[in-house]
Amino acid sequence: MARKIETRWKISTTLTALTPLHVGSIGGDVDTDLALAVNGRGNYYLPGTSLAGALRGWMAQSRDLDQVRDYWGDHDSEHRGASFILVEDAEITLEKGQRIEIREGVGIDRYTGAAAEGFKYNRAILPKGVSIPLKITLDCQKSHAPTELWQMLQALEHGDIRIGAAKTRGLGKVELTKIEIHRQDLSSAQGIFEALLAKGQPQDWSELKKSARYAPPARLDFTLGWKPRDPVMVKAEGDGIAVDILPLVSQVESGVRFVIPGSSIKGVLRAHAERIVRTVRGIEITSETKFNQQLEVPLVDVLFGSAEKNRPQPNGKPSGSQGQIGALSVDDCYATLEMTASDWAAVENTPKAKDDTFAQFETTLTTALGGRGQPFQMLQPAMHVAIDRWTGGAADSMLYSVLEPIGVSWEAIGLSLDAARLYKYYPQELKPAIALLLLVLRDFAHR
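Under my numbering, think of the first position of the sequence shown as 204, with each following residue one higher.
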């Protein structure tokens, strides 16, 4: 039997990415392990399933299960059936100057301190500032106002709903910037004709918001001002020519800046939190402990998250994922130094001088920095070499150069702890998790 629909709400919005974001597809490509999703026309897009999943996940955290199922459906119940909310695919069009970025990720072995075997990958991301068209349709069986939907849209306005992968590692933060809402009355012939000819009755979003007051979820936000004592950088995915290793850059508005990804900062914080818990509880790791087992530390999983494990269940039950998203989110940290993308590309592609000096490179770098003083007092090429333990001389093929940011200042590091999630799903770990985070921050403040 078909469902009776009395009212339909058509919502057309634009989301602006406040951070880079990634929504992947099946498999990768020849250049990237985690490629971006591409539709049948070869354009980048965000599948409606990914968008709907993020919206439903937000509602599930702030509402009880029955309210969520009233909107999003329940395939296990004949009473509810399919979802009443339809979210369309969002095709992405890159504006002039915007480009896809590649970032690398690597797991650090807790025993050796070096890269863990088999845990290196790269990921393609859409740049910060990209626009995402979001279209939502809600069918209502009654004529009442969908309060929960208006609150969800306000959450998007506040940037409280992240989409895509690595949401707690600096990616996926979006903000609703434009919105149009039409109400269609499907209970009468006149209303149906009006919906077909004029898209329905336009609604005032500012008035709709008044009927559904939004309270942001409880969270603790930290803004950490910091100053590097030594050069701090994350290596770019590709190598330079005149200088082998260059700092990673990311697009900010019309230019580029050096960036420390949230994943890198979160990894450092997590490793220290693990050391604290292992020390208190006497948990030891050996050279035989596998990398994914090294990460299984009580309380740290709740605070920082854990990957899927898909372990077999007892009594023949189907295996399920024991992975969980972390309660702590860490944003990317950008340098204050701004450069144009074309000037930085010239730095990357500057050829080596025949006399093995950096004279030509210094000239190109001066242009990229806009003539701000001596370039090598801000970004200094440094030579590194590995020493052969037998001969005491330079090891063969182990001489390389690094462009080190020695005079670059950085913006504050942003952290956010989702206290609402901890309170709902892990109430017993709420206070211990906060205490562990404060211990980690205290240790970093006193280094």
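For glycine and all other residues, C-beta sits at the position ideal for the given N, C-alpha and C.
Start and end residues, alpha helix (DSSP H) containing W408: W408 to K413
Flag this pair as touching only if the region 234–247 and the region 219–226 have three or more C-beta atom pairs under 8 Å; answer yes or no. yes
Taking T210 as the reference, give the member of E397, T222, G321 and T560 with the closest Cα.
E397
In this structure, does DSSP put Y314 in helix, strand or coil? coil
**Prompt:** Under a three-way DSSP split, which group does S545 fall into?
**Reply:** helix
Requested in this report: Return the first residue and the last residue of the beta strand (DSSP E) that E360 is part of.
Outcome: Where E360 is concerned, there is no enclosing beta strand (DSSP E), although the alpha helix (DSSP H) it sits in stretches over T350 to E360.
| field | D599 in three-state terms, based on DSSP | value | strand
message = What ranges does the beta strand (DSSP E) occupy inside the region 428–465, keeping only unbroken runs of at least 3 residues that lie completely in it?
response = 452–455 and 458–463
Chain C contact for P608 (CB, 8 Å cutoff): No chain C is present in this structure, which holds just one protein chain.
Requested in this report: Please say whether L625 and K376 have beta carbons closer to each other than 8 Å?
Outcome: no
ask   = From the DSSP output, which residues share a beta bridge with A220?
value = V377
Can you give me the Cβ contacts of L633 inside the same chain, cut-off strictly under 8 Å, excluding the 5 residues immediately before and after it? A622, L625 and Y626
>> By the three-class DSSP mapping on this structure, what secondary structure does R645 have?
In response: helix
- Does DSSP put R481 in a helix, a strand or coil? helix
*Tell me the start and end of each unbroken alpha helix (DSSP H) in the region 224–269 that is at least 4 residues and wholly inside, in chain order.*
251–265
So, with DSSP's three-state summary, where would you put P336?
strand
Do the CB positions of D342 and I214 come within less than 8 Å of each other?
no
Review point. According to DSSP, is G470 helix, strand or coil?
Key: helix
Practice problem: Consult DSSP for K555 and reduce its assignment to one of helix, strand or coil. | Solution: coil
Bridge-paired residues (DSSP) for F425: L618
Margin query: So, for K338: in the same chain, excluding its five sequence neighbours on each side, which residues have a beta-carbon less than 6 Å away from its beta-carbon?
Written below: S215 and E291
**Report entry** Those residues which DSSP pairs with T665 across a bridge
**Finding:** Outside the displayed span of the chain (204 to 650) sits residue 665, for which this structure offers no information.
Query - Beta-carbon contacts of S466 that lie in its chain and below 7 Å, excluding the five residues immediately before and after - result: G308, A369, R372 and G373
key: Option in I288, P330 and F287 with minimal Cα separation from I295   = P330
Is it the case that the Cβ atoms of T567 and T553 are separated by a distance below 8 Å? yes
Outcome for A401 when other beta-carbon atoms lying within 10 angstroms are tallied against a minimum of 16 = exposed
I'd like the span of the alpha helix (DSSP H) that includes L572, first residue to last. First-last for L572: undefined, no H or E at that position.
From which residue to which residue does the beta strand (DSSP E) around Q631 run? Careful: Q631 lies outside any beta strand (DSSP E) and carries neither H nor E.
- Message: Using a Cβ-Cβ cutoff of less than 6 Å, which residues in the same chain neighbour T380 once the five nearest sequence positions on both sides are dropped?
- Response: T217 and T219
Own chain residues within Cβ distance below 8 Å of G310, not counting five before or after:
A318, A319, F322, K323 and F494
Next item on the list: Can you have a look at S453 and say buried or exposed, based on whether 16 or more other CB atoms are within 10 angstroms of its CB?
Entry: buried
query: When you compare each of E298, E410 and R422 to L531 by their alpha carbons, which one comes out closest?
result: R422
Considering only C-alpha positions, which residue in the set R484, F287 and V333 is nearest to G300? V333
What's the gap between the Cα of C536 and the Cα of H282?
48 Å
- request: Please go through the same chain and pick out, in chain order, the residues whose beta-carbon is closer than 7 Å to the beta-carbon of I468, but skip the five residues on each side of it.
  value: V533, C536 and I616
Original post:
Any idea if G508 is buried or exposed, counting beta-carbon neighbours within 10 angstroms, 16 or more meaning buried?
Top reply: buried
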